[in-house]
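Q: One structure, pasted below without further comment.
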Amino acid sequence: MSSSENQKRISLTLVVDQKKQKVLYAEAGKDFVDVLLGFLTLPLGTVSRLVSEKSTVQSCRFNCISSLRESVDKLDRTYFSAY
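Residue 33 in numbering that gives the first Met the number 0 sits at position 34 of the sequence shown, with consecutive numbering throughout.
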């Protein structure tokens, strides 16, 4: 079975204000909403890491969460030793 046979389409309707670049209205089916709600079960640090690694949009960050995660990533590993 090819990978295209495993893919499922999800319908999403958006009404966008082109001048302000804002979504005014969104309509989606249950599958799409289930995916979005599934993101709520992930720890914020994981979401932040995935967005920063996979996003092609520079401004797509969770500012304070991303900064905190990046700071923790830079900490020396000796600070994580168990007592």
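In this text, a Cβ means the ideal position worked out from N, Cα and C, and glycines have one as well.
Can you find the residues in the same chain that come closer than 7 Å, C-beta to C-beta, to Met0, ignoring five residues on each side of it along the sequence?
A: Note that Met0 scores a pLDDT of 49, beneath 50, so its modelled location is shaky; the value from the coordinates is reported in the next line. There are no such residues.
Q: Do you know offhand how far Thr77's Cα is from Leu23's?
A: 48 Å
Q: How should Ser10 be labelled, buried or exposed, when 16 other C-beta atoms within 10 angstroms of its C-beta is the threshold for buried?
A: exposed
Q: Given this structure, state the Cα-to-Cα distance separating Leu109 from Lys18, to the nearest angstrom.
A: Residue 109 is absent from the model: the chain starts at 0 and stops at 82.
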